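Take the sequence shown: its position 316, counting from 1, is numbered 307 in this note's numbering, and each next residue is one higher.
Just so you know, even glycine gets a beta-carbon here, dropped at the ideal spot from N, CA and C.
Predicted, not measured: the structure shown is a model, and the values here were computed from it.
Below you'll find the structure, written out as structure tokens, and then a few comments.
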Amino acid sequence: MIDNNELRHTPMADSVFKEYDIRGKVGEELSLDEMYDLVCSIAYYFIHNNPSTKTVAVGMDGRIHSPHIKKQVCKALCDSGLNVWFLGLCPSPALYFAMHTLPVEAGIMITASHNPKEYNGLKICLGKHLVYGPAIKEIGRLFKEQKKVEETDCGKLSEYPIIEPYINWLADHFTDLKGMKLSVIIDCGNAVAGTVFPQLIKKMHWPNVQLLYEEIDGTYPHHTADPVIEKNMLDVKKVLAGTDIAFGIGFDGDGDRMAAMTKEGYLLPGDRLLALFAKSILKDNPGAAVVFDIKASSGLIDLLQQWGAEQVMTKTGHAFIKKAMQEHNALLGGELSCHFFFNDRYFGFDDGIYAALRLFELLVKSGKSLDELLTIFPQRYSSPEIRITCPPEKMGMIIDQLKSTFSQRNDTELITIDGVRAVMPYGWGIVRVSNTQPMLSMRFESDSSYGLKQVKNDFLTILRQYFDEDLLQREIMEQ
């Protein structure tokens, strides 16, 4: 049930217009009673940027506000003269799948992805591409100006449940996995991965695949649906420790990310999984381009070089990965945050469910365990991604000072496409501005524990001018 505070009249905050989507805390930033006007402006954007836009696909996740928002979204689009195909409760990748397989020109997914239950928002597609960056800001401007499509016939709302066609496509393209005997525990996180896996398991005859929290519940009673955070995978870890199940999988709130955990409870960073996928794809496609984000391990970079891949490092963010993949005609892309993009046998968008099946495929074909496959990755001492809250007015100053300080060192290579990645003889570190929250994102790595400490200390020399020492010790040195 929607809380009365979430329904109270509040204006739409400027902060909801993010880098990749429109997203905010319902009732504080994201106004439910201004949702209709916002989507009227999105319809205006669709038509003015692609006059041939006639039909929009709409999907929604399992958050408690999503049905309310869905009504406003569909009404606004129809009142703007656009036909709507409502796909039902589904993962974001199922909406992207619809964009590639159905005669629709645009799409809106009602979701706040991995954010806590108090949040909701909209992911927007025009054509087969996500609307992001300056285009989101343009929609914000159109909304402020109350731009709407004037004097038009009302569009038609139709139901088109997408889950069955999506599952059928997966089953048809992974026939080798039918009857698979792998033992896996899958945590759906009470989110929309639960709309897919019960049916997929039955259709594919997987006797040893077990589910956790497949019931859709937008209050997320067990944990937030963000599997790259270790505390959200503790229940998977407990199952692995207490049973003969070989490994675990977790999904985020809208199913576009997939994280994996080994039998021993090691939660794999996305760059480890990307290495496994890359090795397989490069075997069949020598010299193919592989895109990875600036936070990736040097171990991944070394492997890609060894395997003869065209290496493409880009800014963090799924929109930037997709753009780089298009520019380099890449067959694979991935992020540390466990977004994976397959363009060899798939459509090139991030789909956590599809990525899980590709991982199953690797394990079945190799006959090896996940732990055995991971032995290809060079030994590295890496921190997790560290995120520290920072006032926006200080972020630019910190990045500039890091650039200035490290540029004066003769032993350091700087990569500045997204913040500062400083590469030293004994390791590397990165500090960048988060695209989604008022935070600095950091990661540090070396091939020795001593080198890792040295890298961290190099960065702390600058960071302690801006942050409390206890905070830095707790968040950086102890990680």
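- When the five nearest sequence neighbours on each side are left out, the beta carbons in the same chain lying within less than 7 angstroms of the beta carbon of L463 are those of L451, L454 and R455, in order along the chain.
- Per DSSP, reduced to three states, the secondary structure at K135 is helical.
- As DSSP reads the structure, T46 sits in a beta bridge with N74.
- Note: S373 is bridge-paired with E436 in the DSSP secondary-structure output.
- In the three-state reduction of the DSSP assignment, K16 falls in the strand class, which pools E and B.
- When the beta-carbon positions are compared, L121 and H309 come within less than 9 angstroms of each other.
- At the C-beta level, C116 and S71 stay beyond 9 angstroms of one another.
- Check the Cα spacing between T44 and each of V7, V64, H105 and P94: the tightest is with P94.
- Taking 9 angstroms as the cut-off, the Cβ atoms of A280 and E255 do not count as close.
- The beta strand (DSSP E) runs of length 3 or more contained entirely in the segment 351 to 404 are, from start to end of the chain, 377 to 380.
- When DSSP states are grouped into helix, strand and coil, A103 belongs to the coil group.
- With a 10 Å radius around the Cβ and a threshold of 16 neighbouring Cβ atoms, G98 comes out buried.
- Straight across, the Cα-Cα distance linking E25 with A89 is about 27 angstroms.
- Beta-bridge pairing by DSSP links A251 to I240.
- Judged by DSSP secondary structure, N111 falls within the beta strand (DSSP E) whose first and last residues are Y110 to L117.
- If you draw a straight line from the Cα of L86 to the Cα of I154, it is about 10 angstroms long.
- According to DSSP, D178 shares a beta bridge with L203 and G241.
- For Q190, the enclosing alpha helix (DSSP H) has its first and last residue at F188 to M195.
- Burial is judged here by how many other beta carbons sit within 10 angstroms of a residue's own beta carbon; E376 has at least 16 and is buried.
- With three or more CB-CB distances shorter than 8 angstroms, the segment 176 to 196 counts as touching the segment 220 to 227.
- T305 carries a strand assignment under DSSP once its states are collapsed to helix, strand and coil.
- In the DSSP annotation of this structure, I38 is not part of any beta strand (DSSP E); the continuous alpha helix (DSSP H) holding it starts and ends at M26 to N40.
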